[in-house]
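*Asks:* Residue numbers for the sequence shown follow my numbering, so the first one is 7 and each next one is one higher.
Heads up, the beta-carbon is just placed ideally off N, CA and C, and yes, glycines get one too.
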Amino acid sequence: MDVLEKEKLKPGKLSDLKPGLKAIVYKIEGSPLFKKRISELGFIYGTEVKVIKKAPLQNPLEYEILGYRISLRKEDAAKIKIVSHKVANLLPKTNPGASITNASRTKASDISSKKINVALIGNPNTGKTTLFNHASGSREKVGNYAGVTIDVSNGKYKYKDFVFNIADLPGIYALTEYSPEELYVRQHLLQSDTDVIINIADASNLERNLYLTMQLADMNYKVVLALNMYDELELKNWTIDCKKLSALLGIPVIPTMADKGKGIEDLFKTVLEQHQGKSNQLQLKSVHYGDEIEKSIGTISQNIDQNPEFKQYHSSRFLSVRFLEGDEELLKQFIKEKTHHEISSILSQELGRLENILPDDPDTFMIQRRYAFIQDTISQCVNKNIHPVSKKWNWDRAFTHPIWGIPIFILFIWLSFEATFNLGAYPMDWIDSGISALSDGLKQILNDGPFKDLLIDGIIGGIGGVIIFLPNILILFCCLSIMEDTGYMARAAFIMDRLMSKIGLHGKAFIPLIMGFGCNVPAMMSTRTIENRRDRLKTLFMIPFMSCSARLPVYILFIGAFFSQHQSSILLAVYSIGILMALGVGIFFNKSTVVINRVPFIMELPPYRIPTLKNTAIHIWQKASQYLRKMGTTILYASIIIWALGYFPQDVNYSKDYTTLISNAENNTALSEQTKADLILELELSKAEEHLEKSYIGQLGHWMSPILYPLGFDWKMGVSIITGMAAKEIVVSSMGVLYHADLEADENSVSLIEKIKNRTYKDGPRAGEKIFSPLIVFSFMIFILIYFPCVAVIAALKKEAGWFRAISTAVFTTMAAWFVSLYIYHVGSFLMG
Ligand code: GDP
Ligand code: MG
Numbered sequence: 007m008d009v010l011e012k013e014k015l016k017p018g019k020l021s022d023l024k025p026g027l028k029a030i031v032y033k034i035e036g037s038p039l040f041k042k043r044i045s046e047l048g049f050i051y052g053t054e055v056k057v058i059k060k061a062p063l064q065n066p067l068e069y070e071i072l073g074y075r076i077s078l079r080k081e082d083a084a085k086i087k088i089v090s091h092k093v094a095n096l097l098p099k100t101n102p103g104a105s106i107t108n109a110s111r112t113k114a115s116d117i118s119s120k121k122i123n124v125a126l127i128g129n130p131n132t133g134k135t136t137l138f139n140h141a142s143g144s145r146e147k148v149g150n151y152a153g154v155t156i157d158v159s160n161g162k163y164k165y166k167d168f169v170f171n172i173a174d175l176p177g178i179y180a181l182t183e184y185s186p187e188e189l190y191v192r193q194h195l196l197q198s199d200t201d202v203i204i205n206i207a208d209a210s211n212l213e214r215n216l217y218l219t220m221q222l223a224d225m226n227y228k229v230v231l232a233l234n235m236y237d238e239l240e241l242k243n244w245t246i247d248c249k250k251l252s253a254l255l256g257i258p259v260i261p262t263m264a265d266k267g268k269g270i271e272d273l274f275k276t277v278l279e280q281h282q283g284k285s286n287q288l289q290l291k292s293v294h295y296g297d298e299i300e301k302s303i304g305t306i307s308q309n310i311d312q313n314p315e316f317k318q319y320h321s322s323r324f325l326s327v328r329f330l331e332g333d334e335e336l337l338k339q340f341i342k343e344k345t346h347h348e349i350s351s352i353l354s355q356e357l358g359r360l361e362n363i364l365p366d367d368p369d370t371f372m373i374q375r376r377y378a379f380i381q382d383t384i385s386q387c388v389n390k391n392i393h394p395v396s397k398k399w400n401w402d403r404a405f406t407h408p409i410w411g412i413p414i415f416i417l418f419i420w421l422s423f424e425a426t427f428n429l430g431a432y433p434m435d436w437i438d439s440g441i442s443a444l445s446d447g448l449k450q451i452l453n454d455g456p457f458k459d460l461l462i463d464g465i466i467g468g469i470g471g472v473i474i475f476l477p478n479i480l481i482l483f484c485c486l487s488i489m490e491d492t493g494y495m496a497r498a499a500f501i502m503d504r505l506m507s508k509i510g511l512h513g514k515a516f517i518p519l520i521m522g523f524g525c526n527v528p529a530m531m532s533t534r535t536i537e538n539r540r541d542r543l544k545t546l547f548m549i550p551f552m553s554c555s556a557r558l559p560v561y562i563l564f565i566g567a568f569f570s571q572h573q574s575s576i577l578l579a580v581y582s583i584g585i586l587m588a589l590g591v592g593i594f595f596n597k598s599t600v601v602i603n604r605v606p607f608i609m610e611l612p613p614y615r616i617p618t619l620k621n622t623a624i625h626i627w628q629k630a631s632q633y634l635r636k637m638g639t640t641i642l643y644a645s646i647i648i649w650a651l652g653y654f655p656q657d658v659n660y661s662k663d664y665t666t667l668i669s670n671a672e673n674n675t676a677l678s679e680q681t682k683a684d685l686i687l688e689l690e691l692s693k694a695e696e697h698l699e700k701s702y703i704g705q706l707g708h709w710m711s712p713i714l715y716p717l718g719f720d721w722k723m724g725v726s727i728i729t730g731m732a733a734k735e736i737v738v739s740s741m742g743v744l745y746h747a748d749l750e751a752d753e754n755s756v757s758l759i760e761k762i763k764n765r766t767y768k769d770g771p772r773a774g775e776k777i778f779s780p781l782i783v784f785s786f787m788i789f790i791l792i793y794f795p796c797v798a799v800i801a802a803l804k805k806e807a808g809w810f811r812a813i814s815t816a817v818f819t820t821m822a823a824w825f826v827s828l829y830i831y832h833v834g835s836f837l838m839g
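1) Under 8 Å by Cβ, that's how I've got residue 493 and residue 614 pegged, so tell me the actual separation to the nearest angstrom.
2) Here's a check: name, in chain order, each residue in its chain whose Cβ is nearer than 8 Å to the Cβ of residue 145, leaving out the five neighbours to either side.
3) Taking the beta carbon of residue 37 as the centre, do at least 16 other beta carbons fall within 10 Å, making it buried, or is it exposed?
4) Applying the criterion that 16 or more other CB atoms from any shown protein chain within 10 Å of the CB defines a buried residue, is residue 754 buried or exposed?
5) Mapping DSSP to helix, strand and coil, what is residue 837?
6) Let's test the definition: count the other Cβ atoms within 10 Å of the Cβ of residue 504 and tell me whether it reaches 16, buried, or not, exposed.
7) What is the DSSP secondary structure of residue 202, reduced to helix, strand or coil?
8) Do you know whose CA, among 539, 489 and 580, lies nearest residue 557's CA?
9) Using DSSP's beta-bridge definition, name the partner residues of residue 159.
10) Once DSSP output is grouped into helix, strand and coil, what is the label at residue 433?
11) Roughly how many whole angstroms lie between the Cα atoms of residue 750 and residue 478?
12) Specify, as a first and last residue, the run of the alpha helix (DSSP H) that residue 803 falls within.
13) Where residue 328 and residue 585 are concerned, what is the direct C-alpha to C-alpha distance, given to the nearest angstrom?
14) Residue 528 and residue 735: beta carbons closer than 9 Å?
15) Can you tell me whether residue 263 sits near ligand 1, meaning its C-beta is under 8 Å from at least one heavy atom of the ligand?
16) Using the C-alpha atoms, what's the distance from residue 515 back to residue 609?
17) Could you name the residues that DSSP lists as bridge partners for residue 229?
18) Please return the same chain residues whose Cβ sits closer than 6 Å to the Cβ of residue 685, not counting the five positions on each side in sequence.
19) In three-state DSSP terms, what is residue 142?
20) Could you tell me which of 800, 809, 732 and 825 sits nearest to residue 714, measuring between CA atoms?
21) In the DSSP assignment, the beta strand (DSSP E) including residue 639 goes from what residue to what residue?
22) Start and end of the alpha helix (DSSP H) containing residue 710?
23) Along the chain, where does the alpha helix (DSSP H) containing residue 238 start, and where does it finish?
24) By Cβ distance below 8 Å, which residues in the same chain neighbour residue 472 in space, the five residues on each side in sequence not counted?
25) Return the residue from the list 277, 339, 262 and 198 that minimises the CA-CA distance to residue 170.
26) Does any heavy atom of ligand 1 sit closer than 8 Å to the C-beta of residue 540?
27) Pull up the distance between the alpha-carbon of residue 708 and that of residue 66, whole angstroms please.
28) Thinking C-beta only, is residue 128 closer than 9 Å to residue 213?
29) Just tell me which of 369, 607, 481 and 697 has its CA closest to the CA of residue 650.
30) Quick one: does the C-beta of residue 236 sit closer than 8 Å to a heavy atom of ligand 3?
31) Between residue 132 and residue 333, is the Cβ-Cβ spacing less than 9 Å?
32) May I ask you to check if the CB of residue 414 is nearer than 8 Å to at least one heavy atom of ligand 1?
33) For the segment 323-380, which segments carrying the alpha helix (DSSP H) assignment without a break, of at least 4 residues, lie completely within its bounds, in sequence order?
34) Please classify residue 577 as buried or exposed, where buried requires at least 16 other C-beta atoms within 10 Å of its C-beta.
35) Since residue 564 sits in a beta bridge, which residues does DSSP pair it with?
36) Could you give the DSSP three-state label for residue 184: helix, strand or coil?
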C-alpha cells in the first residue's frame, strides 16, 4: 500500500498547513475511536481539505472538507496526514463500491394501517425540527448549531385519512457508538416500531449527509430522502438531478424548504406511497463493501438470522456490519444474550481472515467504500455551477478576528444586558403601575378580612413582584436566541475553545454554559452533545453557576435600587463572579481527575443564517408561557404559603398593648392632627412588624439568624433564601410579601424598591442601621447567584448524573454561597472602613 515510501516521499501533518492552502488527506493516525469518527466526517484517503483560519487564540483551526466547515484542535489535526495534489496524483485511486440491491429486506409492517410511524433522521442542523414543527404544528426549539434537539419529541401530521406519528430525533453524523445521541437514535431505530424513515439531508452538503443514508441502507427500513434547504442550493446556483439520485440510491428523493413549509405535503405523500409499497418499485440499495467483507457479512448474518433471540432487532445485515466495524456497545448488548459466544467466535474468525486480506482495518475500508459510492453518485447527479460570489461583507472575519473576536463576544453579551435593562424598563413600568392600580382598586372594593389580605398581600404582592420582570427576561432570551439562530453561538464556542481547553473542556461545552444564562435545566440536558462522560459531568457541575434568568429579577430589583449609576457593569460583575466560580469548579475537577482518552474537539461550524422571525417568536413565546405557567403554579403556591406563614398565628403576644396605645393616641386631644396621624401610623407599623416577627415565618427566620448574621442579612432575607429554593424568582416575591406587610399602613403605595431601600433595623445590635447597604445588597446578590440552584435544576441534575452528585451539588453550592458572601461582606466592610 505505502506508495509514498517507495517514492521516498513523506506525508505532512494537516496542522502544519497554512491558512488558505489545500491538501489531500492521506492517512489518519491516533486512537481507533478518533480514526473512526474523523473518517466518518469525510477525512478519508483522497479527499481534499482546506485550511480556513485559526481561532483568535491560535487554536482550534477551521477547515473546509466536503463543502462544509469544521473546527479541529491542532493536536488532532496533527494526526491527519496529508499530501500535496501532485503527490496525490501518483497514488492509487479507490474504486467506487458498486451498489448492491438487497431484495426482500424491508421490514414487514402493517401496510394497510392508517397510522404510520415516521422517524426523522439526519445530520445535526439540517432542519429536522423545523420540518417537524411545520408538519405537526409543534413548537420545539430549533437553532443554528449542532445539538439543539436532545430527546425524541412526538407529533402528528394528518394527510387525507392517514395519521403520521412523527418522531423528531437528535441529529447524528453516523449510526455508531460515538456519542450519547448516536446511541439514542440507534436504540430508537432498533427497538421502536418505526414504519418509514424520513432521512433529512442538507441539499448543499450531500457529500457528508449521504454517509448516514448509506448506514441506514444497511438496515431494513423504508426510507425517503428529503433534500432540505433547497433554497440555499438554488441560491448557490447548483442543481441536483433528483430523479437520477433517486434511481442511484434506490429511494424516493423530495426537495423541501422546511422553514417555508414547501415540499412537506409532497414528502408525506411519498412516505405514504413508500409505506404502502407503491413507490415505483424503488429498492433501497446498500453499498457493496467488496467481495471479502460481503462474504463475512453473509456468514455473520446467517448466524444472527438463525437465532430467534435476535428477532427483536430488525436487521441482521446492519448488525453484522456494525460488528465488523468493531461496535463495542452493540456487542456489549449481545454479550448479555445467551448465544453471544457463538457469534463472537464467528466474528473473531472473520475479522482474523479479513486482517490478512485487506490493506486496512475493515472499518476504515468500509468507510472508504461508502464515501467512494457517495462521490460516484454525486458526480453523476449534482451540478455545482461555480458562479461568482457577490462581494458581501464577511462577518465571520470580524467575529473570529484574532484581536477583536473575544472583545466582540463580550460586547454582544454586554449589549444584551443593556437591552435587558434599558428596553425592559418601559414595559416594566407599565406592568408595575398596572399592578399598583389593581391592588389599590381591590383595596377600595373588598371588605377587610383575611381574604383581602391574602389577595392583596399574598397573591398580588407575590406574583406582582415577579411578573414585572417578564419583559427583561424575554429581552435577554431574544438576544440569546438571535445568537443561536444566526450561527454565532457556534463561533463563540470556536473562539473560546482554547480557554475551555485550559480546564480540560471542549469549546462545545461552552454552548450549554451560555445557555445556562437562559435556564439551567435545558442547559443541563444539552450537555448530552458532549461525547465524553467525564467532560459532561464537569460541565453539569459548572452550569448552576451560570446565572439563569430566574435570578435576574433579584439583580434587577437590587441593582435598580442601589446601583443606578452603573447598572450593566454591576450586572456583568455578578455574572462574571458566577463564571469565575464555574471556572474554579472546572479547574478543580481538571486537577482532581486524570485525563484519560481525551476526546477530540470536533465541531461543525454551520453557515450564517438570518434568523427567521418565526423561530425567534417561538423561542420568546415558549419562554413567556413557561414563565407565566410558573407564575400560576410554583410562585402562586409559594406566595400563598409564605403569606399564610406570615399571617398566622393571629393571636401573638405583643410586647406592648398596641390596641390601647392606638386608642389612647386617637383620644389624645393635646396632639395636633398631623402628629396624631404620624403616631398612629408608627404604632400600626410596629404592630405589623412585631406580628410578622412572631408569626411562623418570623420564627423560622429568627431561627436562621445566627447563620445569616455574619453575612449582614436580616431574617427576612433569610426567609427569602429558603423560599427561593423552589424557584429563584420567589426570592423577590417573598420580599414582596414580607416587606409589603410591613408597610400596610403606608398611604402612598411606593414600589418594593423604595420600601426596601429605606428599611432600618428596629432593635437588636444593629438598631437604627439601614438593613440594606450597597455592600450587603451585593453580597446578597452573590449569595442568590451561588446557593442551591433550584429544585428543577437539582432534579435535572439527578436525572443526568444521579442522586449523589445532585445532593453534593446542592450542599456544595450553598456552602460556597455562604463563604463567598461572608468574604465579600467582611472585605468590603474593611475596605470601606
Ligand atoms: P435540526 O438540528 O436538524 O433539528 O435543525 P433545525 O430545525 O434546528 O434547523 C437548523 C437551522 O436551519 C435553523 O436555523 C433553521 O431556521 C434553518 N432551516 C431549516 N430549514 C431550512 C430551509 O429549508 N431553508 C433554510 N434556508 N434554512 C432552514
Ligand atoms: Mg433539532
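*Replies:* Result, derived from the coordinates:
1) Between residue 614 and residue 493 the Cβ distance is about 5 Å, and since that is below 8 Å, they are a contact.
2) Only 139, 624, 627 and 628 meet the Cβ criterion.
3) Exposed, by the Cβ-count rule.
4) In this prediction, residue 754 scores a pLDDT of 47, lower than 50, which makes its location untrustworthy; the coordinate-derived value is nonetheless stated afterwards. Result: exposed.
5) DSSP places residue 837 in helix when its eight states are reduced to three.
6) Buried is the call here.
7) If DSSP states are grouped into helix, strand and coil, residue 202 belongs with the strands.
8) Shortest Cα-Cα distance from residue 557 to any of 539, 489 and 580 involves 580.
9) Answer by DSSP bridge pairing, in chain order: 174.
10) Residue 433 sits in a helix when the DSSP states are folded into three classes.
11) Here residue 750 scores only 44 on pLDDT, less than 50, and its place in the model should not be relied on; the value that follows carries that caveat. Whole-angstrom Cα-Cα distance: 28 Å.
12) 797-807 is the span of the alpha helix (DSSP H), which, as asked, contains residue 803.
13) Taking the Cα positions, residue 328 is about 42 Å away from residue 585.
14) No; because the gap between Cβ atoms is not below 9 Å, this pair is not in contact.
15) Yes, Cβ of residue 263 sits closer than 8 Å to a heavy atom of ligand 1.
16) Cα to Cα, residue 609 sits roughly 11 Å from residue 515.
17) Secondary-structure assignment with DSSP links residue 229 through a beta bridge to 203.
18) Taken in chain order, the residues that qualify are 671.
19) Helix, per DSSP.
20) Nearest C-alpha to residue 714: 825.
21) For residue 639, no beta strand (DSSP E) run applies, since DSSP gives it neither H nor E.
22) Going by DSSP, residue 710 is part of the alpha helix (DSSP H) stretching over 702-714.
23) Per DSSP, the continuous alpha helix (DSSP H) segment holding residue 238 begins and ends at 236-241.
24) Excluding sequence neighbours, residue 472 sits near 559, 637, 641, 735, 736, 738, 739 and 742.
25) With respect to the C-alpha of residue 170, the residue from 277, 339, 262 and 198 having the closest C-alpha is 277.
26) Between ligand 1 and residue 540, a heavy atom-to-CB distance of less than 8 Å is absent.
27) Cα atoms of residue 708 and residue 66: separation of roughly 54 Å, rounded to the nearest angstrom.
28) Not in contact: residue 213 and residue 128 (Cβ atoms no closer than 9 Å).
29) Residue 697 is the option with its Cα nearest to residue 650.
30) Ligand 3 is not among the ligands present in this structure, which contains only ligand 1 and ligand 2.
31) Not a contact, by the Cβ cut-off of 9 Å.
32) For ligand 1, not one heavy atom lies less than 8 Å from the Cβ of residue 414.
33) Unbroken alpha helix (DSSP H) stretches of 4 residues or longer found wholly inside the segment 323-380: 334-341 and 346-363, given in chain order.
34) Per the 10 Å Cβ criterion, buried.
35) Beta-bridge pairing links residue 564 to no other residue.
36) DSSP places residue 184 in the coil class of the three-state scheme, outside both helix and strand.
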